[in-house]
Amino acid sequence: MAFLEMIDIDKAFFGKSANSKVNLYVDHGEIHALLGENGAGKTTLMNILYGIYQADGGSITLDGVLVQIKSPKDAINHKIGMVHQHFTLVPTLTVSENITLGLKSPGYPFVKRKQVDEEIRLLSERYNLAVDPTALVSSLSVGQQQRVEIIKVLYREAQLLILDEPTAVLTPQEVESLFDILKRLRAEGHSVIIITHHIAEVLSLTDRITVLRGGLKVGDVKTKETNEAELSQLMVGRRLNRMIRAKLPCTFDREGLSITAIQDAQESVGPISLEVPPGRIIGIAGVDGNGQKAFAELLLGIRKIKEGSLTLDGKNLEHLGVKQRRALGFGYISDDRLLDSLVLDMDMQENLLLTRYRGQECNHHHFIARKKLRELTEQAVKKYAIKSGSLEHPVRYLSGGNQQKLILARELAGNVKVVIACQPTRGLDVGSTEDVHKTLLELRSQGSSVILISSDLEEILDLSDNIAVMYRGTIVDVIEREGDVDLTYLGLLMAGSPARRNA
């Protein structure tokens with residue numbers, strides 16, 4: 001008998017099925033992967049298990065006992081814990097305060113903080129989750145914050161851990177550390193469910209894999225009995241083509257984007273110099289937190305340039321704001337679609353309007369041209385294959401991949417000369433990632449200057465014509481793509497080592 005059994009789970013939103021008769025079985029001491037494209041119903045299924053959503057039909061049993069999980073509190077009482085893709089920590093509180101938030105700690109209502117801190121320290125040492133209980137969450141790296149989330153569910157004595165896209169924001173070293181932690185949890189009898197689209201990681205970590213597609217369960221396989229090709233086929237229902245740039249002759253009669261010793265007013269970035277010719281993708285490699293986002297904001301005009309020059313086709317841009325740079329052909333894909341790119345309670349039409357409301361396309365005598373806006377939205381849905389129940393539904397109900405496609409449709413509309421793409425595939429499945437890569441390569445072939453900022457080295461290597469390595473707010477080297485890239489040299493640059501090229 002399996003530890004967890006979810007039988008014939010049904011769930012629909014606005015008449016659109018998210019889960020249809022889905023069955024999931026997880027054993028004690030098992031790491032189980034839930035694979036599928038964005039919109040396949042993976043997170044919905046786990047939100048039902050954690051009590052965030054209520055299933056329209058089906059049942060859940062734990063160790064053969066039928067259970068009713070109507071809230072996260074019920075899930076916690078049944079020793080189920082969940083680490084969401086977007087962490088739920090309070091940055092102004094300490095690690096210890098976040099972990100015990102909502103609990104009756106020892107000595108309640110007078111919390112014995114030293115005793116609690118010691119309990120958390122011992123728990124973190126037991127699972128090699130090194131973190132200071134007294135540190136403010138705001139001072140922690142993303143990887144450390146994830147450790148706090150894991151400690152939080154273990155502190156509540158969870159036997160089943162659910163992790164939603166756990167490697168999406170981690171460095172390779174942090175991913176390796178996370179996997180060691182999960183293997184240790186498995187060895188102690190915990191069950192782990194990970195929602196992920198990284199097939200290579202699934203094959204190296206898990207015991208069993210359940211694949212969802214279109215809200216249906218399409219596969220349940222033992223990891224040792226499957227391979228990457230089979231899993232890709234199950235996930236998307238077709239063979240995937242790896243997008244790799246082809247060499248292009250530089251035939252565009254434009255200068256492109258020229259960056260010369262720019263620096264922001266806060267001096268967190270720069271001085272940076274870089275040439276981004278038309279029809280080229282320049283990859284910005286580096287560990288997260290080394291000024292990549294500030295650099296992107298400097299280029300778009302969110303941050304002001306204190307020193308240096310920025311030109312597009314010979315025109316100076318330093319004095320121009322965001323609106324003026326957009327009018328000249330800048331498109332911006334933010335690294336955080338929920339925080340910076342979408343208004344979640346607005347629908348698709350309204351989100352597409354955010355950068356067009358002043359333009360003649362959707363502006364009729366200072367009123368929104370609703371008919372034209374709907375036409376443009378329908379065209380975007382068709383072009384980018386955005387899956388949605390209705391154009392009028394809030395975009396919070398779109399999957400991550402479809403939210404990203406909506407952002408691409410808005411930011412890449414019209415004559416785009418410069419594309420600033422920050423982590424454009426973060427948290428996306430393989431099918432959505434393929435679509436984003438295809439779009440960036442099409443823009444390159446049309447003559448756009450593309451700046452690709454990504455912590456995914458494979459993505460950088462596949463798409464970039466040249467690779468600029470960023471460390472502590474500056475470009476430490478630009479690697480010309482004349483042949484194979486020396487990955488050792490590249491890794492040393494990313495770590496801030498005074499590396500030297502191999503002769």
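Residue numbering for the sequence shown is 1 to 503, as defined by UniProt numbering. By construction, the Cβ of each residue, glycine as well, lies at the ideal position given by its N, Cα and C atoms. Since the structure is predicted, the reported quantities are computational estimates derived from the model, not experimental observations.
Going along the chain, which unbroken runs of the alpha helix (DSSP H) with 4 or more residues stay wholly within the segment 382 to 430? Secondary structure remark: continuous alpha helix (DSSP H) runs of at least 4 residues inside the segment 382 to 430, in chain order: 400 to 411.
For Asp10, which of helix, strand or coil comes out of DSSP? To locate residue 10, count along the sequence shown from 1; it is residue 10. DSSP places Asp10 in strand when its eight states are reduced to three.
Where Met46 falls, given that 16 or more other Cβ within 10 Å makes a residue buried: For this step, residue 46 is matched to residue 46 along the sequence shown. Here Met46 is buried: its Cβ has 16 or more other Cβ atoms, across all protein chains shown, within 10 Å.
Separation of Arg326 from Val276, as counted between CA atoms: For this step, residue 276 is matched to residue 276 along the sequence shown. For this step, residue 326 is matched to residue 326 along the sequence shown. Answer to the nearest angstrom: the Cα atoms are 17 Å apart.
Residues in its own chain within less than 6 Å of Gly270 by CB, not counting five upstream and five downstream? Along the sequence shown, one-based indexing puts residue 270 at 270. Leaving aside the five residues that flank Gly270 on each side, the residues in its chain whose CB is nearer than 6 Å to its CB run, in chain order, Ile262, Gln263.
Applying the criterion that 16 or more other CB atoms from any shown protein chain within 10 Å of the CB defines a buried residue, is Ser1 buried or exposed? Numbered from its first residue, the sequence shown carries residue 1 at position 1. Sequence check: residue 1 is Met here, not Ser. With fewer than 16 Cβ atoms within 10 Å of its Cβ, Met1 is classed as exposed.
Nearest to Leu182 by CA position, among Ala413, Gly51, Leu154, His198, is which residue? Position 182 of the sequence shown, counted from the start, is the residue given in the question as residue 182. Just measuring C-alpha positions, the residue of Ala413, Gly51, Leu154, His198 sitting nearest Leu182 is Leu154.
From what residue to what residue does the beta strand (DSSP E) around Gly58 run? By 1-based counting over the sequence shown, the position of residue 58 is 58. According to the DSSP assignment, Gly58 belongs to the beta strand (DSSP E) that extends over 57 to 62.
For Lys112, count neighbouring Cβ atoms within 10 angstroms of its own Cβ and tell me buried if that reaches 16, exposed if not. Within the sequence shown, numbered from 1, the residue matching residue 112 stands at position 112. With fewer than 16 Cβ atoms within 10 Å of its Cβ, Lys112 is classed as exposed.
Closest by CA to Pro424, which one among Asn402, Ser445, Lys417, Leu257? Here residue 424 refers to the residue found at position 424 of the sequence shown. Per the Cα distances, Asn402.
With a threshold of 6 Å on Cβ separation, who are the neighbours of Lys304 within its own chain once the five nearest residues in sequence on each side are excluded? The residue labelled residue 304 in the question sits at position 304 within the sequence shown. Same-chain partners within the cutoff: Ala265.
Give the list of continuous alpha helix (DSSP H) stretches no shorter than 4 residues that lie fully inside the segment 21 to 88. DSSP runs (the alpha helix (DSSP H)) wholly in the segment 21 to 88: 42 to 49, 72 to 77.
Considering only residues of the same chain and omitting the five flanking positions on each side of Arg254, which have a CB-CB separation below 6 Å? For this step, residue 254 is matched to residue 254 along the sequence shown. Pro278, Asp313.
At least three beta-carbon pairs within less than 8 Å, the segment 458 to 467 to the segment 477 to 495: With the cut-off at 8 Å, the segment 458 to 467 and the segment 477 to 495 touch.
Can you pull the DSSP bridge partners for Leu257? Here the question's residue 257 lines up with position 257 in the sequence shown. Leu257 pairs with Val276, Leu312.
Are the segment 126 to 133 and the segment 72 to 84 in contact at 8 Å, needing three or more beta carbon pairs? With the cut-off at 8 Å, the segment 126 to 133 and the segment 72 to 84 do not touch.
Would you mind working out which of Ser258, Asp207, Ile199, Ile259 sits nearest Gln233, comparing C-alpha positions? Against the sequence shown, residue 233 aligns to sequence position 233. The candidate whose alpha carbon is nearest that of Gln233 is Ile199.
Could you check if Arg370 is buried or exposed, using at least 16 other CB atoms within 10 Å of its CB as the buried criterion? As a working mapping, residue 370 is identified with position 370 in the sequence shown. When all chains shown are included, Arg370 counts as exposed.
Simplified DSSP state of Asp340, which is helix, strand or coil: Within the sequence shown, numbered from 1, the residue matching residue 340 stands at position 340. Note: Asp340 maps to helix in three-state DSSP.
Output the boundary residues of the alpha helix (DSSP H) element that contains Tyr155. The residue you call residue 155 lines up with position 155 of the sequence shown. It spans 142 to 155 - the alpha helix (DSSP H) in which Tyr155 sits, taken as one unbroken run.
Hey, Val418 and Leu412: beta-carbon distance below 8 Å or not? Indexing the sequence shown from 1 puts residue 418 at position 418. Indexing the sequence shown from 1 puts residue 412 at position 412. Val418 is not a Cβ neighbour of Leu412, given a cutoff of 8 Å.
Return the CA-CA distance between Leu161 and Lys16, expressed in angstroms with no decimal places. As a position in the sequence shown, residue 161 is number 161, starting the count at 1. As a position in the sequence shown, residue 16 is number 16, starting the count at 1. Distance between the alpha carbons of Leu161 and Lys16 is about 28 Å.
Going by DSSP in three states, Met470 sits in which element: helix, strand or coil? Locating residue 470 in the sequence shown gives position 470, counting from the first residue. Residue state, collapsed to three classes: strand.
Rounded to a whole number of angstroms, what is the C-alpha to C-alpha distance between Glu118 and Lys438? Locating residue 118 in the sequence shown gives position 118, where the first residue counts as 1. Locating residue 438 in the sequence shown gives position 438, where the first residue counts as 1. If I take the Cα positions, the gap works out to 51 Å.
Based on Cα-Cα distance, which residue from Ser390, Tyr397, Lys315 lies nearest to Ala258? Here residue 258 refers to the residue found at position 258 when the sequence shown is read from its first residue. Note on residue identity: the sequence assigns Ser, not Ala, to residue 258. The shortest Cα separation from Ser258 among Ser390, Tyr397, Lys315 belongs to Lys315.
Which partner residues of Glu5 appear in the DSSP bridge assignment? Translated into the one-based positions of the sequence shown, residue 5 becomes position 5. Bridge partners of Glu5: Tyr25, Thr61.
If we call anything under 8 Å between Cβ atoms a contact, is Gly431 one with Glu149? To locate residue 431, count along the sequence shown from 1; it is residue 431. To locate residue 149, count along the sequence shown from 1; it is residue 149. No, the Cβ-Cβ distance between Gly431 and Glu149 is not below 8 Å.
Taking 8 Å as the threshold (C-beta atoms), are Val192 and Leu185 in contact? In the sequence shown, the residue the question calls residue 185 occupies position 185. In the sequence shown, the residue the question calls residue 192 occupies position 192. Yes, they are a contact pair.
Can you grab the Cα-Cα spacing for the pair Asp207 / Phe330, in whole Å? Reading the sequence shown from its first residue, position 207 is the one you call residue 207. Reading the sequence shown from its first residue, position 330 is the one you call residue 330. Going from the Cα of Asp207 to the Cα of Phe330 covers about 46 Å.
For the alpha helix (DSSP H) that contains Gly491, what are its first and last residues? Within the sequence shown, the letter at position 491 stands for residue 491. Boundaries of the alpha helix (DSSP H) around Gly491: 487 to 494.
Assuming Gly283 and Gly301 are in contact, meaning their beta carbons sit under 8 Å apart, how far apart are those beta carbons, in whole angstroms? Walking along the sequence shown from the start, residue 283 turns up at place 283. Walking along the sequence shown from the start, residue 301 turns up at place 301. About 22 Å; that fails the 8 Å criterion.
Start and end residues, beta strand (DSSP E) containing Arg208: What you label residue 208 is simply residue 208 of the sequence shown in a count that begins at 1. Arg208 -> beta strand (DSSP E) spans 208 to 213.
Give every residue of the same chain whose Cβ lies closer than 6 Å to the Cβ of Val476, excluding the five residues on either side of it in the sequence, and list them in chain order. By 1-based counting over the sequence shown, the position of residue 476 is 476. Setting aside the 5 residues that flank it on each side, Val476 is surrounded in the same chain by Val469, Leu493, each with a C-beta closer than 6 Å to its C-beta; the list follows chain order.
7 Å CB neighbourhood of Glu480 in its chain, flanking five on each side removed: By one-based count along the sequence shown, residue 480 stands at place 480. Correct list, in chain order: Asn466.
Are Asp345 and His393 close, meaning C-beta to C-beta below 8 Å? Taking the sequence shown and counting its residues from 1, the one referred to as residue 345 is at position 345. Taking the sequence shown and counting its residues from 1, the one referred to as residue 393 is at position 393. By the CB criterion at 8 Å, Asp345 and His393 fall outside the cutoff.
Have a look at the DSSP bridge pairing and note the partners of Ile333. Start at 1 with the first residue of the sequence shown, and residue 333 comes out as number 333. In DSSP, Ile333 forms a bridge with Ala421.
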